[in-house]
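**Q**
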Amino acid sequence: MSVIKHKIIEEIALIEIYNPPVNAISAAVRVGLLETIENLSLNEKIRAIVITAPERTFLAGADIKEFGKKVDAPILGKICDKIESLNKIVVASLHGTPLGGGLEVAMSAHYRIAAPNTKVGLPEVLLGILPGAGGTQRLPRLCGVDMALDMMLTGKHVPAKEALSSGIIDEIAKNNNTIDNGIEYAKKLVKEGFRPRPTSQIQNKISDTEETSELILKFKDTASKKYKNLFSPHAIIRSVEEGLKLDFAEAILNERKLFEECIESPQRQGLIHSFFAERANTKIPELKEGKPIELNKIGIIGGGTMGTGISMAAMNAGFNVIMIEQNDEAIQKAKAKITSTYDRSVKLNRITTEQKNKTMDMFSATTNFSELKDRDLIIEAVFENMDVKKEVFVKLNQICSQDCILASNTSYLNVNEIASVVDNPSRVIGLHFFSPANIMKLLEVVVAEKTSKDTVSTAFNLAKQMRKVPVRSGVCDGFIGNRILSKYLVGMYHMVEDGASPFHVDKVIRDFGCAMGIFQVIDLAGGDIGWATRKRKAPFRHKDDRYVQIPDRVCERGWFGQKTSKGYYLYGENVDFLTPNPEIEVICEQERKRAGITPKKFDDKEILDKYIAAMVYEGTKILSEQIALKPSDIDVVFTNGYGFPKWRGGPMKYADMIGLDKILKNIQKYSEEDPRFWTPPKLLEDLVKQNKNFDSLN
Ligand code: CAA
3 MSVIKHKIIE EIALIEIYNP PVNAISAAVR VGLLETIENL SLNEKIRAIV ITAPERTFLA
63 GADIKEFGKK VDAPILGKIC DKIESLNKIV VASLHGTPLG GGLEVAMSAH YRIAAPNTKV
123 GLPEVLLGIL PGAGGTQRLP RLCGVDMALD MMLTGKHVPA KEALSSGIID EIAKNNNTID
183 NGIEYAKKLV KEGFRPRPTS QIQNKISDTE ETSELILKFK DTASKKYKNL FSPHAIIRSV
243 EEGLKLDFAE AILNERKLFE ECIESPQRQG LIHSFFAERA NTKIPELKEG KPIELNKIGI
303 IGGGTMGTGI SMAAMNAGFN VIMIEQNDEA IQKAKAKITS TYDRSVKLNR ITTEQKNKTM
363 DMFSATTNFS ELKDRDLIIE AVFENMDVKK EVFVKLNQIC SQDCILASNT SYLNVNEIAS
423 VVDNPSRVIG LHFFSPANIM KLLEVVVAEK TSKDTVSTAF NLAKQMRKVP VRSGVCDGFI
483 GNRILSKYLV GMYHMVEDGA SPFHVDKVIR DFGCAMGIFQ VIDLAGGDIG WATRKRKAPF
543 RHKDDRYVQI PDRVCERGWF GQKTSKGYYL YGENVDFLTP NPEIEVICEQ ERKRAGITPK
603 KFDDKEILDK YIAAMVYEGT KILSEQIALK PSDIDVVFTN GYGFPKWRGG PMKYADMIGL
663 DKILKNIQKY SEEDPRFWTP PKLLEDLVKQ NKNFDSLN
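This is the structure in structure tokens:
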């Protein structure tokens, strides 16, 4: 079927665009649309042209897959200018999500009608670019500089009602039939004598006044803090600001120049990689055949930080939750934690008191395991210890029905071993939530040897209902995320023992764009957790493995981080954020001496190189062992659960961008000093030999 169809109904021409799934504006759409418009413009019988894209949504933007490639087709800006310049009325009939280039096409039409379900937006900023087809110039003309900048800097989707009141659209239709809406509206405009109304000539909402300058200054100020590492938000503000001083045609040229700078930026590559990676994560073999079972009632075991967070995530998704705790005191504590979280949301106007009460009605807690017997899914979030977990699963095996899915929220332990204590291990799965579980997006779905496809499908469905980003992981110590974290954490311990300051390491990681430094992360999670893991693993440690004792010395003093007000940093009401604990450097000095190490100086690059190399090293091993099915899944884990900057794409994409040969060279260099920790992974060697990158495995 042709991507563009048109027909003429009396004096109205109807254009229908078909490019499933979301009618992205590909080269074929651009070629076809321009040709059709040019032809229709010559037909004197036609009084109005209606642009529609029936089916799922009006044009959801440029075809992102084409960015960075050479494509032989007119640019969208040219088509928008052509549409606007027609001497016939052009109506855009919107529905679904007219976004980016889709809204730019709509704004170049002379009038816009939208179905009630419509949400419009210019989300280019989320892809590291700016609206490059006139959006930075036309949107302020329709809704004013304030709202336009807010929309373009956040990428938010604005519902039809708000789009109407702010002037972005002209009318809301009564129903979602986009073709009829467009034709009827065009007929009405023709009948009532309306004329073409080019958006570029609307001036009443923009002016180059002192007030506007102040407003722009405010946006610049916020952007310098909020988007300090990013390129495109600043380019968006520049395009709007400079556009106010230029005539429309010049402003469009200026926008185009800035757009091309964004396209060239590695941030664009990183963010677009993240966009597709977050859609590829659900493309896994189990989902092709597995059938999700319907979940209604969920049981949560454990009312600690994870148990309460998971309960809230489940309740927010509309599930009825029963929590099991050991005694009344623990129940009251868990209830108080949940209540106070919702109270805070009410206070911040995120939910109403009525919504809070309705959600709390879905929650109950008991010490009585047998109350779990009617549940469809149980998520265990008890203490991270194999014996304790097994004991819970033995009980669940007796109480729950044989179809009830039994999930463990373990962050390291062997899910095969946990599954071995139940009669039907096909229903056992790992659901590794991240703290705070009601907020963090990532959910590692750990597929054990005997987990059935239906169980995996149900877990992915649950993730969707909870608005989580699920990533499939195989079973290994720490799964995808924590296994890689353990590797680079140990790599950083080595560096600190060799002479680097933990605070310098953290600063380098933050400057790279990560949300937090690694030692900050330890303080947040609680140093005792890693300490327990190190003790658990101690009997299996090889005698030649390098073991740095600095973190043990810190924990022995009872310094577990935020929860004890002291860790690598100091915490308290009157303590500045990121105040180093001065005694840490003393411990480091003592430990270097004890280990007979003469401290070396490290610069930023050496620290960053090792940090990235350790991540990529373990990521490569995880791929070879098929713990992660593709490199982009590792990226999704790190950008959604570990604060790795999305604009760098994730560790594997970043490695591709800087070159796998460079990473391999670094690993080879490190392996000369410590061959046990840094043996170059074969897969990485093979990729370099074949001149391939990780993307070739996606
Ligand atoms: N280009 C290419 N493919 C796209 C696309 C786009 N703009 N938008 C979505 N897709 C693809 C997705 O990759 C996905 O493909 P698969 O099924 O193969 O995984 C499919 O369409 C469906 O997408 P979703 O799974 O995201 O579906 P959804 O219903 O949850 O969401 C959506 C639909 C709201 C449109 C969402 O896909 C979205 O936000 N898309 C991006 C919109 C956007 O950023 N537009 C601006 C583009 S840049 C631009 O237009 C620049 C300019 O100035 C010219």
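Letter by letter, the sequence shown follows residues 3 to 700 of the working numbering.
C-beta: ideal position from N, C-alpha, C; glycine also.
1. Touching or not, the stretch 94 to 112 and the stretch 140 to 147, by the rule of three or more beta carbon pairs under 8 Å?
2. With 16 other CB atoms within 10 Å as the buried threshold, where does K9 fall?
3. State yes or no: is the C-beta of K391 within less than 8 Å of the C-beta of L408?
4. What does the alpha-carbon distance come out to for the pair P553 and V447?
5. Quick one: does the C-beta of G529 sit closer than 7 Å to a heavy atom of the ligand CAA?
6. Verify whether the separation of the beta carbon atoms of I66 and I353 is less than 8 Å.
7. Excluding sequence positions up to five away, which residues of its chain have a Cβ less than 7 Å from the Cβ of C557?
8. At a cut-off of 7 Å, would you count R469 as near the ligand CAA, judging by its Cβ distance to the nearest heavy atom?
9. Following the continuous alpha helix (DSSP H) through R140, name the residue where it begins and the one where it ends.
10. Pair every Cβ in the stretch 121 to 140 with every Cβ in the stretch 247 to 265, then say whether three or more of these pairs are closer than 8 Å.
11. When you compare only the Cα positions, how much space is there between I115 and E12?
12. Residue ranges of each alpha helix (DSSP H) run of no fewer than 4 residues wholly in the stretch 214 to 292, ordered along the chain?
13. Report the partner residues of T368 according to the DSSP bridge assignment.
14. Let me confirm a value: N177 is counted as buried when at least 16 other C-beta atoms fall within 10 Å, else exposed. Which label applies?
15. Say the cut is 7 Å; is the CB of P125 nearer than that to a heavy atom of the ligand CAA?
16. Apply the 10 Å Cβ neighbour rule to K632 and answer buried if 16 or more other Cβ atoms are within range, or exposed otherwise.
17. Run through DSSP, which three-state label would T412 get?
18. Would you check if the distance between the CB atom of F514 and the CB atom of L610 is smaller than 8 Å?
19. Starting from P472, trace the beta strand (DSSP E) in both directions and tell me its first and last residue.
20. Just checking my contact of G34 with I6 at CB under 8 Å: how many whole Å lie between their CB atoms?
21. Below 7 Å, is the gap between the Cβ of I66 and the nearest heavy atom of the ligand CAA?
22. Could you tell me which of T180, L88, S87 and K80 sits nearest to G136, measuring between CA atoms?
23. Would you identify the three-state DSSP class for G563, choosing helix, strand or coil?
24. Is P133 a contact residue of the ligand CAA, with contact defined as CB to any heavy atom under 7 Å?
25. Does the stretch 155 to 174 come close enough to the stretch 274 to 293 to have 3 or more Cβ pairs within less than 8 Å?
26. With three or more C-beta pairs closer than 8 Å as the rule, is the stretch 672 to 688 touching the stretch 491 to 501?
27. Return the chain-ordered list of same chain residues with a C-beta closer than 8 Å to the C-beta of A62, the five sequence neighbours on each side being excluded.
28. Using the three-state DSSP reduction, which class does I302 fall into: helix, strand or coil?
29. Could you tell me whether any non-hydrogen atom of the ligand CAA is closer than 7 Å to the CB of V458?
30. Would P682 be called buried (16 or more neighbouring beta carbons within 10 Å of its own) or exposed?
31. Name the two residues that bound the continuous alpha helix (DSSP H) containing E382.
32. Here's the rule I'm using: 16 or more other beta-carbon atoms within 10 Å means buried, otherwise exposed. How should P22 be labelled?
**A** Looking at the coordinates:
1. yes
2. Reading the sequence shown from its first residue, position 7 is the one you call residue 9. Exposed: under 16 other Cβ atoms inside 10 Å.
3. Reading the sequence shown from its first residue, position 389 is the one you call residue 391. Reading the sequence shown from its first residue, position 406 is the one you call residue 408. Contact: no.
4. Taking the first residue of the sequence shown as 1, we reach residue 553 at position 551. Taking the first residue of the sequence shown as 1, we reach residue 447 at position 445. So the two alpha carbons sit approximately 30 Å from each other.
5. Residue numbering aside, residue 529 sits at position 527 when the sequence shown is read from its first letter. Checking every heavy atom of the ligand CAA against the Cβ of G529, none is found closer than 7 Å.
6. Here residue 66 refers to the residue found at position 64 when the sequence shown is read from its first residue. Here residue 353 refers to the residue found at position 351 when the sequence shown is read from its first residue. Not in contact: I66 and I353 (Cβ atoms no closer than 8 Å).
7. Along the sequence shown, one-based indexing puts residue 557 at 555. Once the five neighbours on either side are set aside, the close Cβ partners of C557 are G529, D530 and W533.
8. Taking the first residue of the sequence shown as position 1, residue 469 is located at position 467. No, the beta carbon of R469 sits no closer than 7 Å to any heavy atom of the ligand CAA.
9. Taking the first residue of the sequence shown as 1, we reach residue 140 at position 138. It spans G137 to C145 - the alpha helix (DSSP H) in which R140 sits, taken as one unbroken run.
10. yes
11. Position 113 of the sequence shown, counted from the first residue, corresponds to residue 115. Position 10 of the sequence shown, counted from the first residue, corresponds to residue 12. Whole-angstrom Cα-Cα distance: 20 Å.
12. Complete alpha helix (DSSP H) runs here, min 4: 234 to 246, 250 to 266, 268 to 282 and 287 to 291.
13. Sequence index remark: in the sequence shown, residue 368 carries index 366 (1-based). DSSP lists I326 as partners of T368.
14. Locating residue 177 in the sequence shown gives position 175, where the first residue counts as 1. The residue is exposed, with fewer than 16 neighbouring Cβ atoms inside 10 Å.
15. Sequence index remark: in the sequence shown, residue 125 carries index 123 (1-based). Answer for P125: yes, Cβ within range of the ligand CAA.
16. Working through the sequence shown from its first residue, we reach residue 632 at position 630. It is buried - the Cβ of K632 has at least 16 other Cβ atoms within 10 Å.
17. Within the sequence shown, residue 412 is the residue found at index 410, counting from 1. DSSP places T412 in coil when its eight states are reduced to three.
18. Looking up residue 514 in the sequence shown gives position 512. Looking up residue 610 in the sequence shown gives position 608. Less than 8 Å separates the beta-carbon of F514 from that of L610.
19. If you number the sequence shown from 1, residue 472 lands on position 470. Where P472 is concerned, the enclosing beta strand (DSSP E) stretches over V471 to S475.
20. Residue numbering aside, residue 34 sits at position 32 when the sequence shown is read from its first letter. Residue numbering aside, residue 6 sits at position 4 when the sequence shown is read from its first letter. Yes, they are in contact, since the Cβ atoms of G34 and I6 sit about 3 Å apart, within 8 Å.
21. Translated into the one-based positions of the sequence shown, residue 66 becomes position 64. I66 Cβ: within cutoff of the ligand CAA.
22. Translated into positions along the sequence shown, residue 136 becomes position 134. The candidate whose alpha carbon is nearest that of G136 is K80.
23. Position 561 of the sequence shown, counted from the first residue, corresponds to residue 563. Note: G563 maps to strand in three-state DSSP.
24. Residue numbering aside, residue 133 sits at position 131 when the sequence shown is read from its first letter. True, at least one ligand heavy atom lies under 7 Å from that Cβ.
25. With fewer than three CB-CB distances shorter than 8 Å, the stretch 155 to 174 does not count as touching the stretch 274 to 293.
26. yes
27. To locate residue 62, count along the sequence shown from 1; it is residue 60. So the qualifying residues of the chain are V24, N25, A26, G98, T99, P100, L101, G102 and G104.
28. Along the sequence shown, one-based indexing puts residue 302 at 300. Reduced to three states, the DSSP call for I302 is strand.
29. Numbered from its first residue, the sequence shown carries residue 458 at position 456. Flag unset: Cβ of V458 not near the ligand CAA.
30. For the purposes of this step, residue 682 is identified with residue 680 of the sequence shown, where counting begins at 1. Answer is buried; the Cβ neighbour count reaches 16.
31. Your numbering for residue 382 matches position 380 in the sequence shown. Here E382 belongs to no alpha helix (DSSP H); instead the beta strand (DSSP E) covers L379 to E382.
32. Here residue 22 corresponds to residue number 20 of the sequence shown, with the count starting at 1. P22 should be labelled exposed.
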